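J.:
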Ligand code: NAD
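Residue numbers (our numbering): 3 to 265.
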């Protein structure tokens, strides 16, 4: 409901970058942060979709959204877009939610390593893993200088344990995010920057809608809570991880999965 995030202004004054923000989980994260009073950078690859997402949230009183059309895997373009956004919003982003990710040919069983195009392997690594590195590389100097910063990465339960429905490139990048998160938590902790990750289970987004219904039904059957998750439920976890209520939590990858593949 509309009051879901309206109870507190826990993120007022924050400048939050959300990548992959035009659809799915990223879009719900944008809404959550706006309702908590943040200025939100809505970053995605399609100019039209970015503009559409920004326009959709114009009515939210608490925060304000600005669009960034850029591919997270392109460091030079990203750095330029971030510089421009800092000029427009009056400062660098102090919070980043790295959510952009791709899962081509989602049904892993039909997509074994010997059938995989190396270019596709490279693209998944570039977006899902190097995309995280790129935003953190670009934004961590200002966070260090300020002595505060909040970073949330996106893994998956399929990065923690074997899942038959994803392909090896996707699983490898999602496992890598767990290690990246721990390592950067150690590097950046002394500067007051917390780094955590989310491991969503099966969440009802366009990514998942593109999959055969029987695959989603099988995943629901394996989920103790017996349903798909909602993007807003992942957004709630991102809010918590970046709030003062998680002030001593860093280096963690938190399942938001209704118990699917729990480890
Ligand atoms: P989605 O496909 O519905 O949305 C992803 C968004 O990222 C899209 O708007 C897309 O345009 C954008 N994007 C893709 N490549 C980009 C790039 N190079 N630069 C900038 N933006 C880019 O996906 P979703 O289901 O909302 O998933 C969001 C994240 O959560 C992904 O990292 C995904 O791997 C992860 N995840 C999703 C699920 C799930 O069940 N939906 C489960 C586990 C993890």
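Each residue gets a CB set at the ideal place from its N, CA and C atoms; glycine is no exception.
Bear in mind that the values here come from a model prediction, so they are computed numbers and not experimental data.
Going along the chain, which residues of its own chain have a beta-carbon closer than 6 Å to the beta-carbon of residue 254, five neighbours each way excluded?
T.: What you label residue 254 is simply residue 252 of the chain shown in a count that begins at 1. 198.
J.: Rounded to whole angstroms, what is the Cα-Cα separation between residue 62 and residue 234?
T.: Counting from one through the chain shown, the residue named residue 62 turns up at place 60. Counting from one through the chain shown, the residue named residue 234 turns up at place 232. Their Cα atoms are separated by approximately 16 Å.
J.: From this set, 29, 220, 164, 153, which residue's C-alpha is nearest residue 249's C-alpha?
T.: Taking the chain shown and counting its residues from 1, the one referred to as residue 249 is at position 247. Considering only alpha carbons, the answer is 153.
J.: So, are the CB atoms of residue 74 and residue 137 less than 8 Å apart?
T.: Here residue 74 refers to the residue found at position 72 when the chain shown is read from its first residue. Here residue 137 refers to the residue found at position 135 when the chain shown is read from its first residue. Contact: yes.
J.: Are the stretch 69-88 and the stretch 137-148 touching, with three or more C-beta to C-beta distances below 8 Å?
T.: Segments in contact, yes.
J.: In three-state terms, what does DSSP make of residue 202?
T.: As a first step, residue 202 is located in the chain shown; it is residue number 200 there, counting from the start. Residue 202 falls in the strand class under three-state DSSP.
J.: Round the Cβ separation of residue 230 and residue 206 to the nearest angstrom and send it over; I've been treating them as touching at under 8 Å.
T.: One-based indexing of the chain shown puts residue 230 at position 228. One-based indexing of the chain shown puts residue 206 at position 204. That belief holds up - the Cβ atoms of residue 230 and residue 206 are roughly 4 Å apart, short of 8 Å.
J.: Thinking C-alpha only, which one of 160, 59, 133, 12 is nearest residue 69?
T.: Here the question's residue 69 lines up with position 67 in the chain shown. For the residues 160, 59, 133, 12, the minimum Cα distance to residue 69 belongs to 59.
J.: Cβ of residue 252 within 8 Å of Cβ of residue 196?
T.: The count along the chain shown starts at 1 and reaches residue 252 at position 250. The count along the chain shown starts at 1 and reaches residue 196 at position 194. Yes.
J.: Less than 7 Å separating the Cβ of residue 264 from some heavy atom of the ligand NAD?
T.: In the chain shown, the residue the question calls residue 264 occupies position 262. The answer is no for residue 264.
J.: Should residue 209 be listed as close to the ligand NAD, given that the test is whether its C-beta is under 7 Å from any heavy atom?
T.: Numbered from 1 along the chain shown, position 207 holds the residue referred to as residue 209. Checking every heavy atom of the ligand NAD against the Cβ of residue 209, one is found closer than 7 Å.
J.: Rounded to whole angstroms, what's the CA-CA distance from residue 148 to residue 113? Just pull it up for me.
T.: If you number the chain shown from 1, residue 148 lands on position 146. If you number the chain shown from 1, residue 113 lands on position 111. Roughly 45 Å between the two C-alpha positions.
J.: Across which residues does DSSP place residue 195 in a beta bridge pair?
T.: On the chain shown, residue 195 is found 193 positions in, with the first residue counted as 1. In the DSSP output, where bridge partners are listed per residue, residue 195 has 151.
J.: DSSP three-state call for residue 96: helix, strand or coil?
T.: Stepping through the chain shown from its first residue, residue 96 is reached at position 94. In the structure shown, residue 96 sits in coil (DSSP, three-state: anything other than H, G, I, E or B).
J.: Can you check which of these residues, 213, 201, 118, is closest to residue 99 by C-alpha distance?
T.: Position 97 of the chain shown, counting from 1, holds the residue named residue 99. It is 201.
J.: Just reading off the alpha helix (DSSP H) that residue 183 is part of, what are its end residues?
T.: Counting from one through the chain shown, the residue named residue 183 turns up at place 181. Start and end: 170-190.
J.: Which of helix, strand or coil does DSSP assign to residue 43?
T.: Taking the first residue of the chain shown as position 1, residue 43 is located at position 41. The answer is strand: DSSP assigns residue 43 an E or B state.
J.: Using a threshold of 8 Å, state whether the C-beta atoms of residue 16 and residue 71 are closer than that.
T.: The residue given as residue 16 occupies position 14 in the chain shown. The residue given as residue 71 occupies position 69 in the chain shown. Not in contact: residue 16 and residue 71 (Cβ atoms no closer than 8 Å).
J.: Three or more C-beta pairs under 8 Å: does that hold for the stretch 181-192 against the stretch 160-172?
T.: Output reads no: the stretch 160-172 does not touch the stretch 181-192.
J.: Could you pull the start and end residues of the beta strand (DSSP E) that residue 69 belongs to?
T.: Taking the first residue of the chain shown as position 1, residue 69 is located at position 67. Note, residue 69: beta strand (DSSP E), 66-71.
J.: Using only CA atoms, which one of 95, 23, 83, 67 lies nearest to residue 37?
T.: One-based indexing of the chain shown puts residue 37 at position 35. Cα-wise, what sits closest to residue 37 is 67.
J.: Report back the beta-carbon spacing between residue 30 and residue 237 to the nearest angstrom; my notes put them in contact at under 8 Å.
T.: Taking the chain shown and counting its residues from 1, the one referred to as residue 30 is at position 28. Taking the chain shown and counting its residues from 1, the one referred to as residue 237 is at position 235. Correct: roughly 4 Å between the Cβ atoms.
J.: Smallest Cα separation from residue 261: which of 172, 102, 216, 158?
T.: Taking the first residue of the chain shown as position 1, residue 261 is located at position 259. It is 158.
J.: Going by other Cβ atoms of all chains shown within 10 Å of its Cβ, with 16 needed for buried, is residue 49 buried or exposed?
T.: Numbered from 1 along the chain shown, position 47 holds the residue referred to as residue 49. That one is exposed.
J.: Within a Cβ cutoff of 8 Å, which residues of the same chain sit near residue 140, ignoring the five residues on either side of it in sequence?
T.: Numbered from 1 along the chain shown, position 138 holds the residue referred to as residue 140. Same-chain partners within the cutoff: 77, 80, 81, 84.
J.: Within a Cβ cutoff of 8 Å, which residues of the same chain sit near residue 39, ignoring the five residues on either side of it in sequence?
T.: Position 37 of the chain shown, counted from the start, is the residue given in the question as residue 39. Excluding sequence neighbours, residue 39 sits near 11, 12, 13, 14, 15, 16, 64, 65.
J.: Run the CB neighbour count on residue 33, radius 10 Å, all protein chains shown included, and call it buried at 16 or more, exposed below.
T.: Residue numbering aside, residue 33 sits at position 31 when the chain shown is read from its first letter. Buried is the call here.
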